[in-house]
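So that you can map any letter, position 252 of the sequence shown is 252 in the UniProt record's numbering, and since no number is skipped, the others follow by simple counting.
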Amino acid sequence: MTALPIEDVPTLTKLLATTPVSAAALDNAVGAACLAKAYPAFMALAAAGALDRLSTDQLHRCINLAVEGGSVHVVAALLRLTKIPLGSVCDSSDGEQMTPVLVASITGDAKMLQFLLNHNDVDANLGATKDGNSPLGMAAAHGHKATVAQLLAANANPHYRNLDGDSVMDLADMYGQTQVSTLLRQHARVMRPGTLKSRIQCLRAATSYRHYTPHDSVDFNDVETRISLLKIRASECQRPSQASTPASSSDDERFRSFF
Numbered sequence: 001m002t003a004l005p006i007e008d009v010p011t012l013t014k015l016l017a018t019t020p021v022s023a024a025a026l027d028n029a030v031g032a033a034c035l036a037k038a039y040p041a042f043m044a045l046a047a048a049g050a051l052d053r054l055s056t057d058q059l060h061r062c063i064n065l066a067v068e069g070g071s072v073h074v075v076a077a078l079l080r081l082t083k084i085p086l087g088s089v090c091d092s093s094d095g096e097q098m099t100p101v102l103v104a105s106i107t108g109d110a111k112m113l114q115f116l117l118n119h120n121d122v123d124a125n126l127g128a129t130k131d132g133n134s135p136l137g138m139a140a141a142h143g144h145k146a147t148v149a150q151l152l153a154a155n156a157n158p159h160y161r162n163l164d165g166d167s168v169m170d171l172a173d174m175y176g177q178t179q180v181s182t183l184l185r186q187h188a189r190v191m192r193p194g195t196l197k198s199r200i201q202c203l204r205a206a207t208s209y210r211h212y213t214p215h216d217s218v219d220f221n222d223v224e225t226r227i228s229l230l231k232i233r234a235s236e237c238q239r240p241s242q243a244s245t246p247a248s249s250s251d252d253e254r255f256r257s258f259f
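Below, the structure written as structure tokens:
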């Protein structure tokens with residue numbers, strides 16, 4: 001049978017109800033609907049049981065296609081209907097480790113990337129191209145400044161190197177992405193242990209603020225989460241800095257005791 005007409009939902013619905021359709025044709029149709037942001041066609045395919053006939057690997061591929069297509073509604077529907085944890089999605093069919101975050105980092109879709117990063121099970125560092133480039137590395141190479149900022153805020157590792165030994169900064173410089181290079185250097189300065197310690201102290205001061213009434217319903221969970229994230233970043237930036245310019249043991253002890 002020829003490709004299903006995803007652009008004509010009434011005809012598509014009729015064909016799905018009256019004509020036997022192979023699993024391969026359904027896979028192609030679902031993938032095409034995801035990539036084309038064709039939400040009505042996607043929902044028609046889902047209503048006809050198309051998703052139930054696809055393997056987990058095929059569904060992972062479709063989720064990545066939906067991310068590439070840029071429709072948050074299609075991605076959300078796929079996750080809801082299949083109950084697949086977003087953090088487990090990875091398409092390795094082409095020798096790459098294509099995760100939704102990696103796909104969004106390549107396309108530079110900031111809205112999509114934020115939707116993905118808002119899921120608690122998503123790791124901003126997961127995913128790699130054939131050259132071993134991480135999501136942050138690909139965003140830097142493509143010059144997606146906003147995407148790079150989002151990934152750094154989500155604790156993506158700026159010290160990661162690809163299979164050729166190129167760092168994220170190397171990739172930005174290699175492809176002439178000056179704005180991204182500047183952003184990475186600014187981030188490196190902000191992530192120095194002394195600066196991080198100051199930021200953590202400011203956040204802790206906020207949690208000790210007591211001039212509010214019980215009716216204000218103050219919730220410090222977000223502040224505590226930010227403190228925890230800063231601690232992780234501080235520990236990570238200690239490792240590369242120690243490798244190049246080792247601190248004294250007394251300095252190390254003072255930094256560790258702060259936590």
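Glycine included, every Cβ here is placed at the ideal spot set by N, Cα and C.
Beta-carbon proximity list for residue i, same chain, < 8 angstroms, skipping 5 on both sides
i	result
L81	A46 and L51
L15	L4, P5 and V21
T213	Here T213 scores only 47 on pLDDT, less than 50, and its place in the model is too uncertain to base an answer on.
Contact set for residue i: own chain, Cβ-Cβ below 7 angstroms, skip 5 residues either direction
i	result
A36	I6 and G69
P100	I63, N64, V67, L86, V89 and L116
H215	In this prediction, H215 scores a pLDDT of 48, lower than 50, which makes its location untrustworthy; the coordinate-derived value is nonetheless stated afterwards. For H215, where only same-chain residues beyond five positions count, there are no Cβ hits under 7 angstroms.
T129	E96 and M138
8 angstroms Cβ cutoff met for residue i and residue j
i	j	result
A124	M112	no
D27	L65	no
V168	G143	no
M98	G137	no
A77	L117	no
Y39	V74	yes
G140	Q177	Residue 140 is actually Ala in this sequence, not Gly. Contact: yes.
residue 293	L79	Because the chain spans 1 through 259 in this model, residue 293 falls outside it and cannot be assessed.
A156	L183	no
V72	A41	no
Other residues of its chain near residue i: CB distance less than 6 angstroms, five sequence neighbours each side excluded
i	result
T19	none
residue 283	Absent from the structure is residue 283, since the part of the chain shown begins at 1 and ends at 259.
A48	L16
L102	G127 and P135
C62	V30, G31 and C34
Where residue i sits in the DSSP three-state scheme
i	result
A128	strand
D52	helix
D173	helix
S93	coil
S71	coil
S105	helix
S167	strand
Nearest to residue i (by Cα), restricted to the options the options
i	options	result
P85	T56, D170 and A38	T56
G165	V148, G132 and L183	G132
I106	V67, D91 and H73	V67
V122	G108, D170 and V89	V89
L152	Y175, T129 and A188	A188
R185	P10, Y175 and P158	P158
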